[in-house]
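Residue numbers (this note's numbering), protein chains in the order written: chain A, 281 to 392; chain B, 447 to 560.
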């Protein structure tokens with residue numbers, strides 16, 4: 281069964297304190313791994329797509345990496361505005377019609 | 447902004463009543479999806495569409511039906527709402543170009559069934 285597990289469930293950081301969020305997955309034929317940011321009362325906002333092990337993507341203070349079993353979202357020198365829930369999702373091969381399987385998310389709080 | 451509008455944004459209804467949620471897109475995307483989001487669960491797929499009048503079931507489709515009579519509109523119907531269907535419902539479209547395969551979401555409909 282395709283599965284996505286995110287850890288930790290919640291993370292509290294001080295402004296400027298770098299850290300990483302983890303997304304481990306089991307999937308038959310990974311077609312892509314996706315990171316999203318979700319603010320309260322809003323829909324998930326797309327951040328990155330990673331397609332193969334060793335791939336990295338960066339955007340401002342965020343950097344996503346991918347191995348054959350997991351992905352990390354590294355947050356460098358976070359600011360309070362980075363506070364949100366971060367979701368990881370995978371797209372499996374086969375006849376999935378583009379469906380994404382989501383983890384439960386990591387809620388990040390950054391205190392000034 | 448993926449050009450997705452969900453309506454209504456909030457709804458309270460009684461057990462046993464039918465409810466229809468609407469998703470409207472402005473960018474002519476072929477694939478559209480309905481997900482629900484509940485505390486302690488990730489986003490879970492209810493139904494999806496791969497074209498006009500072409501739909502299929504997702505992981506949690508029991509108690510839901512969908513229709514897509516034109517490209518821009520994807521409707522989710524709860525035939526007889528139950529308290530277990532209290533949730534936040536998100537519509538999504540499948541993107542193209544940068545991030546091909548990524549889904550882009552609307553801002554959701556919060557449904558409460560009393």
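Ideal Cβ placement from N, Cα and C applies to all residues, glycine included.
This one's a predicted model, so the numbers in the text were calculated from it and none came from an experiment.
Exercise. Along chain B, which residues have their Cβ under 8 Å away from the Cβ of residue 352 of chain A?
Worked result: Here residue 352 of chain A refers to the residue found at position 72 when the first chain is read from its first residue. None at all; the shortest Cβ gap to chain B is about 18 Å.
Can you tell which of B:486, B:482 and B:513 has its C-alpha closest to the C-alpha of residue 496 of chain B? Your numbering for residue 496 of chain B matches position 50 in the second chain. Per the Cα distances, B:513.
*Which residues, in chain order, does the stretch 363-380 of chain A contribute to contact with chain B at a C-beta distance below 7 Å?*
371, 377, 378, 379 and 380
**Message:** Could you pull the DSSP bridge partners for residue 337 of chain A from this structure?
**Reply:** On the first chain, residue 337 of chain A is found 57 positions in, with the first residue counted as 1. According to DSSP, residue 337 of chain A bridges with A:344.
When you compare the CB positions of residue 535 of chain B and residue 467 of chain B, do they come within less than 8 Å of one another, or not? Here residue 535 of chain B is taken as the residue at index 89 of the second chain, counted from 1. Here residue 467 of chain B is taken as the residue at index 21 of the second chain, counted from 1. Cβ distance < 8 Å, so residue 535 of chain B and residue 467 of chain B count as in contact.
Taking contact to mean 3 or more Cβ pairs, one atom from each stretch, closer than 8 Å, check whether the stretch 363-382 of chain A and the stretch 515-533 of chain B are in contact.
no
Please tell me whether residue 349 of chain A and residue 304 of chain A are closer than 8 Å, where the distance is taken between their beta carbons. On the first chain, position 69 is the one that residue 349 of chain A refers to. On the first chain, position 24 is the one that residue 304 of chain A refers to. Yes, they are a contact pair.
Requested in this report: Name the residue from A:377, A:381, A:366 and A:379 whose alpha carbon lies nearest to the alpha carbon of residue 320 of chain A.
Outcome: Here residue 320 of chain A corresponds to residue number 40 of the first chain, with the count starting at 1. The residue with the shortest Cα to Cα distance from residue 320 of chain A is A:366.
message: For residue 364 of chain A, tell me which candidate among A:323, A:338 and A:336 has the shortest Cα-Cα distance.
response: Within the first chain, the letter at position 84 stands for residue 364 of chain A. For the residues A:323, A:338 and A:336, the minimum Cα distance to residue 364 of chain A belongs to A:323.
Drop a sphere of 10 angstroms on the beta-carbon of residue 538 of chain B, count the other beta-carbons inside from all chains shown, and report buried for 16 or more, exposed for fewer. Here the question's residue 538 of chain B lines up with position 92 in the second chain. With 16 or more other Cβ atoms within 10 Å, it is buried.
Item checked: Where the beta strand (DSSP E) containing residue 282 of chain A begins and where it ends -> On the first chain, residue 282 of chain A is found 2 positions in, with the first residue counted as 1. Counting along the chain, residue 282 of chain A falls outside any beta strand (DSSP E), and DSSP gives it neither H nor E.
Which residues does DSSP list as the beta-bridge partners of residue 539 of chain B? As a working mapping, residue 539 of chain B is identified with position 93 in the second chain. DSSP, once it has assigned bridges, lists B:478 and B:550 as partnering residue 539 of chain B.
In chain A, which residues lie with their C-beta within 7 Å of the C-beta of residue 553 of chain B? Indexing the second chain from 1 puts residue 553 of chain B at position 107. Those within 7 Å of residue 553 of chain B in chain A are 322 and 323.
Kindly examine the ligand NAP and report whether one of its heavy atoms sits closer than 7 Å to the Cβ of residue 285 of chain A. Questions concerning the ligand NAP fall outside what the structure shown contains, since it holds no ligand whatsoever.
Exercise. Nearest to residue 474 of chain B by alpha carbon, out of B:548, B:547, B:503 and B:450?
Worked result: As a working note, residue 474 of chain B is residue 28 in the second chain. Minimum Cα distance to residue 474 of chain B is reached at B:450.
- Task: Can you tell me which of B:481, B:459, B:558 and B:554 puts its alpha carbon nearest to the alpha carbon of residue 507 of chain B?
- Result: For the purposes of this step, residue 507 of chain B is taken as residue 61 along the second chain, with counting starting at 1. Of the listed residues, the one whose Cα sits closest to residue 507 of chain B is B:481.
Across which residues does DSSP place residue 522 of chain B in a beta bridge pair? Counted from its first residue, the second chain places residue 522 of chain B at position 76. Residue 522 of chain B is bridged to B:467 and B:512.
Practice task
Give me whichever residues DSSP pairs with residue 456 of chain B in a beta bridge.
Solution key: Indexing the second chain from 1 puts residue 456 of chain B at position 10. According to DSSP, which records beta bridges pairwise, residue 456 of chain B is partnered with B:556.
- Message: Suppose you measure from the CA of residue 360 of chain A to the CA of residue 387 of chain A; what does that come to, to the nearest Å?
- Response: Working through the first chain from its first residue, we reach residue 360 of chain A at position 80. Working through the first chain from its first residue, we reach residue 387 of chain A at position 107. Taking the straight line from one Cα to the other gives about 13 Å.
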